[in-house]
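Notes for the one structure printed next.
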Amino acid sequence: MDRLVVQGKTQVAEGVVALVLARPDGGRLPDWAPGAHVDLTLASGATRQYSLCGDRWDAHTYRVAVLREPDGRGGSAYVHDELAVGDTVGFGGPRNHFALVPSTRYLFVAGGIGITPLLPMVHQADLVGADWALLYGGRSRGTMAFADELARHGDRVTVHPQDEGGLLPLAAFVAGADEGTVVYCCGPAPLLAAIEDATAHRPRHLLRTERFVAADLGAPVRDEPFVLELARSGATVTVGPELSVLEAARRAGATALSSCEQGTCGTCETPVLAGVPDHRDSILADHERAAGDCLFPCVSRSCTDRLVLDL
Amino acid sequence: MTTTLDAVPTLDVDPFSHETLEDPLPMQAALRDAGPVVYLPRYDLYAVARYEEVRAALVDWQRFPSSAGVGMSNFKHETPWRPPSLLLEADPPHHDAPRAVLSAILGPRALRRLTDRWFADAEDLVAGLLDGRGDVVELDGMTALAEAFPLRVFPDAVGLPAEGREHLLPYGDHAFNAFGPSNDLVAKGAPRVGELSAWVASQCAREVLSDDGFGAAIWAASDRGDITPAQAPLIVRSLLTAGVDTTVHGLGAVLHGLATHPDAWATLRARPERARVAFDEAVRWQSPVQTFFRTAEGEVPIGGTVVPADHKILMFLGAANRDPRHWHDPDRFDLDRDPSGHVGYGMGLHQCVGQHVARLEGAALLTALARRVERIEPAAAPTRHHNNTMRAFAALPLRLTPARA
Chain U
1 MDRLVVQGKT QVAEGVVALV LARPDGGRLP DWAPGAHVDL TLASGATRQY
51 SLCGDRWDAH TYRVAVLREP DGRGGSAYVH DELAVGDTVG FGGPRNHFAL
101 VPSTRYLFVA GGIGITPLLP MVHQADLVGA DWALLYGGRS RGTMAFADEL
151 ARHGDRVTVH PQDEGGLLPL AAFVAGADEG TVVYCCGPAP LLAAIEDATA
201 HRPRHLLRTE RFVAADLGAP VRDEPFVLEL ARSGATVTVG PELSVLEAAR
251 RAGATALSSC EQGTCGTCET PVLAGVPDHR DSILADHERA AGDCLFPCVS
301 RSCTDRLVLD L
Chain R
1 MTTTLDAVPT LDVDPFSHET LEDPLPMQAA LRDAGPVVYL PRYDLYAVAR
51 YEEVRAALVD WQRFPSSAGV GMSNFKHETP WRPPSLLLEA DPPHHDAPRA
101 VLSAILGPRA LRRLTDRWFA DAEDLVAGLL DGRGDVVELD GMTALAEAFP
151 LRVFPDAVGL PAEGREHLLP YGDHAFNAFG PSNDLVAKGA PRVGELSAWV
201 ASQCAREVLS DDGFGAAIWA ASDRGDITPA QAPLIVRSLL TAGVDTTVHG
251 LGAVLHGLAT HPDAWATLRA RPERARVAFD EAVRWQSPVQ TFFRTAEGEV
301 PIGGTVVPAD HKILMFLGAA NRDPRHWHDP DRFDLDRDPS GHVGYGMGLH
351 QCVGQHVARL EGAALLTALA RRVERIEPAA APTRHHNNTM RAFAALPLRL
401 TPARA
């Protein structure tokens, strides 16, 4: 299974740690673009999605930031309290449902940890010479990660802690949006509802949002071996954590054409006949993942004891 | 560890001479054997021809970007012959949105709606060549099959009108020549560049395209704001430039491989589900796209040396696909081989966005041929078509023996 090693762990705000992740062998990581997230599988077996907030020009590390959830359950408490430099986590993706579309003008609105996908976006908007502004809200200044990194952008960035200034002045912020301005917002559900209200008069495609979801996702992922059955030959092979499904299928005599072998090109797409796939690719949308009828065996695995593929 | 530039082996070869284009294999072997990186004084270029270095250069968009052109010309110092491609000749972040849009439109799940139709079209094409034509049919595999099939299905899938499609192949041929040096092959195409470019540009307009093809899907992405209206026609242009000649010569490659390897043909007839693998093995073996260039962003260490800033590096995909350091018996066209990982479509961020289209065309045509044709043999020696980028055939005389019904 693809795993990443924790290369750095830094407190970046009250209740927020940033992790720097790398391949154990230091190799290139899959490419990504602003708005992308990775799935990280923690020791508890829980899979959580984290937006990438590092530098895509560094092909060898990813950075994510993790907020400690108030209820203290699941992944975030583990990341804060137990995960240490040198530990490894399982990973899938990256995937991007929140891509930065080309425009000459952007308005970014971040709520709390929702700053993470927007951080590489503002960097990129700056790089291409777009006109942009960021309104960044949080409970209090001390809880707002990366305000220091954003300071270099001067008055393009407005940091607006709620305990100092109340709710975000969204209506005023978007008032100057012209017909070419795209609004990006990431944060908790009430903020997204508020930005939808504030931009209700504008064409829908000019608002792009991503909800910060704290919930654990999907079936618990397993590290235990599972049985792979190749329907065409009837061959079966046990797949342990050290082996990809693709490699296991090849060892069992199947021909499975592949190319990138990192879940991005789509060449090895294979129909699933039985079992529940554990998707780790960068290709499928959520509803396609949920359908469970195909997988990319170069990176994806099985949630069930038995996985039957049309190979 | 890096060494001084003096340590870079130098080879005085011309990858774009007619002699080399007729048979590039000896030069490619010499380049691979000379070292991981080789300096080509004739063009003041660095070249990589071994699998490991070619693949490393392909995926490293950060240090070997594409926006200065993926041909010999450096767009930082020379004006490109046409507005640069938003895909091939672009880097992140500008590359992101066009690539994301086109990847979805040409992805395997999006192509499912075409699969049955294309397999039926291939059956129909093959039937038209064989039915009532006797016990043995001789034909030119290039015109009758390798060109006929893509030209039958791809322009329809894009949504092009019927008129003017004869411009597609000459336009693509010139575009692929233009990645090379400004030699006689480029000069040959020059008189028609204006006319062909104007025709291609006119086909990219929304109102010219059908409302259910790849072209319309690109324009729909512009309506959704995923790309800008100014980007849409250039993305359609990418389909028309890169989507025809490449598959034509991929099909030529696999037909040539099958005709000259009766054991491979027998394997395919017995196991037609190997058609997709056969097509990729041919893309590895012949590498229809032989070369692409990148430009060093700063001094870039690779293969124990350093490519100086702003210098062009020439990546020999075809040589990498026959590197014995990576492949067993690489010169052999072998349907029992797993060609996975070949770099015939490139690798990384810029890997051929149409690769699934190409494989589907290949699988459809080979499946139809395997069902209807018992034997496929060369009827005469093939003749090569010279192009600065592509390994291509001008003619591929074949003798087909239809299977008894």
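Keeping their order, the protein sequence lines are chains U and R. Under UniProt numbering, the first residue of the first sequence is numbered 1, with each subsequent residue one higher. Under UniProt numbering, the first residue of the second sequence is numbered 1, with each subsequent residue one higher. Where is the CB? At the ideal position from N, CA and C, for every residue including glycine. All values derive from a computational prediction rather than experimental measurement.
Helix, strand or coil at residue i [DSSP, three-state]
i             : result
His167/R      : helix
Trp57/U       : coil
residue 451/R : Within the shown structure, residues of chain R are numbered from 1 to 405, placing residue 451/R beyond reach of any answer.
Ile283/U      : coil
Arg289/U      : helix
Val153/R      : helix
Asp39/U       : strand
Glu179/U      : coil
Trp132/U      : strand
Val85/U       : coil
Ala49/R       : coil
Glu19/R       : helix
Met121/U      : helix
Thr4/R        : Low per-residue confidence applies at Thr4/R: pLDDT is 49, beneath 50, and the placement is therefore not dependable, though the value from the model is reported in the following sentence. Here Thr4/R sits in coil by DSSP.
Gln286/R      : helix
residue 352/U : Because residue 352/U is not part of the residues shown, which for chain U are 1 to 311, the question remains open.
Pro92/R       : coil
Arg276/R      : helix
Phe91/U       : strand
Gln262/U      : coil
Leu335/R      : coil
Tyr78/U       : helix
Own chain partners of residue i with C-beta closer than 8 Å, once the 5 adjacent residues on each side are dropped
i        : result
Thr199/U : Val174, Ala177, Val183, Leu206, Leu207
Glu138/R : Ala379, Pro397, Leu398, Arg399, Leu400
Gly8/U   : Ala18, Leu19, Val20, Val85
Ala235/U : Glu229, Ala252, Gly253, Ala254
Val6/U   : Leu19, Val20, Leu21, Leu83, Ala84, Val85, Gly86, Asp87, Thr88, Val89
Cut-off 6 Å between Cβ atoms - residues of its own chain near residue i, not counting five sequence neighbours on either side
i        : result
Leu40/R  : Ala47
Pro191/R : none
Gly35/R  : Pro9
Leu134/U : Phe108, Val122, Val157
Asp184/R : none
Val159/U : Tyr136, Ala147
Same chain only: Cβ atoms within 7 Å of residue i, ignoring 5 sequence neighbours per side
i        : result
Asp293/U : Pro271, Val272
Gln124/U : Pro34, Leu100
Ser66/R  : Leu88, Glu89, Ala90, Asp91, Arg294, His350
Thr3/R   : In this prediction, Thr3/R scores a pLDDT of 44, lower than 50, which makes its location untrustworthy; no coordinate-derived value is stated.
Gly275/U : Ser302, Thr304, Arg306, Leu307, Val308
CB contact check: residue i to chain C, cutoff 8 Å
i        : result
Gln351/R : Looking at the structure shown, chain C is missing, and the protein chains on hand are U and R.
Residues sharing a beta bridge with residue i, DSSP
i        : result
Ser302/U : Pro277/U
Thr270/U : Leu295/U
Arg208/U : Tyr184/U
Asp140/R : Pro397/R
Asn96/U  : Ala36/U
Pro301/R : Val306/R
Leu86/R  : BP columns for Leu86/R are empty, so no partner.
Phe108/U : Leu134/U, Tyr184/U
Thr292/R : Reading off the sequence, residue 292/R comes out as Phe, not Thr. Answer is Met315/R, bridged to Phe292/R.
Met390/R : Val289/R
Val186/R : According to DSSP, which records beta bridges pairwise, Val186/R is partnered with nothing at all.
Check: residue i C-beta below 7 Å from any heavy atom of the ligand NAP
i        : result
His256/R : This structure lacks the ligand NAP, and indeed carries no ligand of any kind.
Which runs of the beta strand (DSSP E), 3 residues or longer, sit entirely within the stretch 219-251 of chain U? 226-230, 236-239
I'd like to know if the stretch 167-174 of chain R and the stretch 271-282 of chain R are in contact, where contact means that at least 3 CB-CB pairs between them fall below 8 Å. no
Pick out the complete alpha helix (DSSP H) segments inside the stretch 203-274 of chain R, 4 residues or longer, and give them in chain order. 214-223, 232-242, 245-260, 262-270
Beta strand (DSSP E) runs wholly inside the stretch 54-80 of chain R, at least 3 long, in chain order: none
Should the stretch 298-318 of chain R be regarded as contacting the stretch 364-376 of chain R, the criterion being three or more beta carbon pairs within less than 8 Å? no
The stretch 220-238 of chain R contacting the stretch 260-267 of chain R, beta-carbon criterion three pairs below 8 Å: With a cut-off of 8 Å, the stretch 260-267 of chain R and the stretch 220-238 of chain R do not count as touching, because too few Cβ pairs lie within range.
Measuring CB atoms only, is the stretch 353-371 of chain R touching the stretch 115-125 of chain R, in the sense that at least three cross pairs come out at less than 8 Å? yes
Give a yes or no on contact between the stretch 78-98 of chain U and the stretch 40-53 of chain U, applying the rule of three or more CB pairs nearer than 8 Å. yes
Would the stretch 159-166 of chain R and the stretch 196-216 of chain R be scored as touching if the rule is three or more Cβ pairs under 8 Å? yes
Using 8 Å as the cut-off, can you tell me whether the stretch 280-289 of chain R makes contact with the stretch 335-352 of chain R, which would need three or more C-beta pairs spanning the two stretches below that distance? yes
Contact the stretch 15-35 of chain R vs the stretch 303-310 of chain U: 3+ CB pairs below 8 Å: no
The stretch 60-79 of chain U contacting the stretch 67-74 of chain R, beta-carbon criterion three pairs below 8 Å: no
Tell me whether the stretch 351-360 of chain R and the stretch 323-331 of chain R touch, counting them as touching only if at least three CB pairs, one residue from each stretch, are closer than 8 Å. Touching, no.
Taking contact to mean 3 or more Cβ pairs, one atom from each stretch, closer than 8 Å, check whether the stretch 120-133 of chain R and the stretch 191-207 of chain R are in contact. no
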